[in-house]
Amino acid sequence: MNSLSFNTIHFHPIQRNDDQIWITSSELARALGYAREDSVSRIYDRNSDEFTSDMTKIIDNPQTVNLTVRIFSLRGCHLITFFARTPVAKEFRKWVLDVLEKEVLQQQIDTRVKINSEQQAILKEIIDRRCEGSVKKRTELWSRHNQHFRIPRYSELLAIHFQDAVDYLETIQLKSQPEKQKINMNAYEDKDVQYIMWYAPMLARLIFNDIVPALRALDSCKVGSLFSYTQEMIGHVNTLNRRAKEQGVTTLEHVENRAIY
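In numbering that gives the first Met the number 0, the protein residues as written are 0 to 260.
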């Protein structure tokens, strides 16, 4: 893939077998305006409990034998910016979200990356669980899945469609189910689900508009995690609300019949 640039900094992304772009800590430090190349590593050392294994890793240095280098995924780069105190940190944070994530998606589209063996196993596990030993149900699930994504076999599924495939297999209503086994209540009409659909966006606005600014003013080390977790939550809730609308649910009966966000 082509190298990426932010202002005058040219990145040389590290590509691994996880379809993600990884940036070295030294390049990330230069992009954030630090004079010392170990500045980002020092930031990480002070806040390592905030990072998960999919945000940062130690790998062998491809340039120097017997040395290692710390690398950060897009989410890791994004979280680092909340601890950085350089003037360019805010601009770089927006660049990470607006440019790097688009680059990952474009890379997957251009190379037509298919799901890996681990992802295939996840889809198979869902099928095994849902078919309950029924050959008829198994055949129906695989057939409808492959038709839905227009592929000859599930191993041909593109990686960018993996999460959609998981959601599809988890929620599809089986035609081969006996009538008595059908779920009588639409999940989106459940009281607890509707409360989540209504109050989660309100909570997210409160966090983004009031709590995050307050924590930043206090120079809290937890603001990065809170911001990332809230983004993750609201992403899932937006998906939940969108799918409810697709199934004809436009108002929340248990929340005074208010319109879905």
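Built from N, CA and C at the ideal position, the CB exists for glycine as well.
- Counting only the Cα atoms, residue 200 lies some 15 Å from residue 211.
- Using a Cβ distance threshold of 9 Å, residue 23 and residue 82 do not count as a contacting pair.
- If you draw a straight line from the Cα of residue 144 to the Cα of residue 241, it is about 21 Å long.
- Inclusion of residue 139 and residue 168 in the CB contact set at 9 Å is not warranted, their separation being larger than that value.
- Counting along the chain, residue 41 sits inside the alpha helix (DSSP H) bounded by residues 38-45.
- Bounds of the beta strand (DSSP E) holding residue 59 are 55-59.
- Bounds of the beta strand (DSSP E) holding residue 23 are 20-23.
- Residue environment analysis places residue 204 among the exposed positions, since fewer than 16 neighbouring C-beta atoms fall within 10 angstroms of its C-beta.
- DSSP places residue 82 in the uninterrupted alpha helix (DSSP H) bounded by 73-82.
- Cβ atoms of residue 157 and residue 91 stay farther apart than 8 Å, at about 30 Å.
- Beta bridge pairing from DSSP links residue 157 with 113.
- Its Cα nearest to that of residue 39, the residue 25 stands out among 25, 232, 8.
- Every unbroken stretch of the alpha helix (DSSP H) spanning 4 or more residues and falling wholly within the segment 125-159 is given here in chain order: 134-147.
- In this structure, the CA atom of residue 93 is about 16 Å from the CA atom of residue 8.
- In this structure, DSSP gives residue 64 a state outside helix and strand, which the three-state scheme calls coil.
- DSSP places residue 11 outside both helix and strand once states are collapsed to three, so it counts as coil.
- Beta-bridge partners of residue 243 (DSSP): none assigned.
- Rounded to the nearest whole angstrom, the CA to CA distance from residue 224 to residue 49 is 6 Å.
- As the crow flies, the alpha-carbon of residue 60 is around 5 Å from that of residue 66.
- The segment 241-260 and the segment 186-201 touch, with three or more beta-carbon pairs separated by less than 8 Å.
- A direct Cα-to-Cα measurement between residue 185 and residue 137 gives close to 23 Å.
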